[in-house]
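Residue numbers (the numbering used here): 5 to 167. Positions of the beta carbon are idealized from the N, C-alpha and C atoms, including for glycine.
If you want it as structure tokens, here you go:
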């Protein structure tokens with residue numbers, strides 16, 4: 005916890021006499037720096053604001069912008085907007101979950117993939133759509149999901165071998 009505390013100390017120092025009203029901006033800044041909100045970071049923020057960790061979690065879990073696990077190397081967003089839903093995104097999501105053995109909000113054990121469900125990606129004419137690290141894939145079917153995941157696994161392996 006000492007390492008986390010020293011990493012987020014500059015952020016907390018900007019909010020020296022802060023109260024509960026500064027919680028969300030602090031959470032946003034810490035997540036931006038760390039990539040997610042770790043248990044240790046939540047405890048440090050709670051100590052700084054003199055709030056129990058349960059209150060911090062209560063606020064952070066209310067907003068879907070906050071994550072409690074690091075994102076995977078390949079962050080998959082599955083659109084569940086109306087157009088995507090009508091065109092079969094529920095089956096796409098189920099296939100992603102089955103292939104990766106994770107639920108939305110989780111990261112695979114190897115850290116390669118993370119999964120997020122989003123309300124709308126904004127590409128309704130291409131439905132159903134998934135995004136992997138911001139790269140859009142249109143007209144996704146369950147068969148395409150399996151191929152895409154295989155492609156990203158191969159990409160990771162090639163990158164690792166080249167490094």
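Between the alpha carbons of residue 160 and residue 126 lies a distance of about 28 Å. The three-state secondary structure of residue 128, taken from DSSP, is helix. Per DSSP, residue 133 lies in no beta strand (DSSP E) and is assigned neither H nor E. For residue 80, the enclosing beta strand (DSSP E) begins and ends at 78 to 83. Fewer than three beta-carbon pairs drawn from the segment 59 to 70 and the segment 110 to 117 are found closer than 8 Å, and the two stretches are therefore not classed as touching. When only Cα atoms are considered, residue 97 and residue 157 end up about 18 Å apart. When only Cα atoms are considered, residue 11 and residue 108 end up about 28 Å apart. For residue 118, the enclosing beta strand (DSSP E) covers residues 117 to 122. Looking at the DSSP output, residue 140 sits in a beta bridge with 135. Non-local beta-carbon contacts of residue 47 in its own chain, meaning distances under 6 Å to residues more than five positions away in sequence, involve 57 in chain order.
Contact check for residue 150 against residue 99 passes: the beta carbons are separated by less than 8 Å. The C-alpha of residue 82 is placed about 7 Å away from the C-alpha of residue 93. For the set 22, 95, 19, 136, the Cα lying nearest the Cα of residue 152 is the one of 136. Per DSSP, residue 59 is one residue of the alpha helix (DSSP H) stretching across 57 to 66. Residues 39, 40, 111, 118 of the same chain have their beta carbon placed closer than 8 Å to that of residue 75, with the five preceding and five following residues left out of the count. Under the three-state reduction of DSSP output, residue 112 falls in the coil class, being neither helix nor strand.
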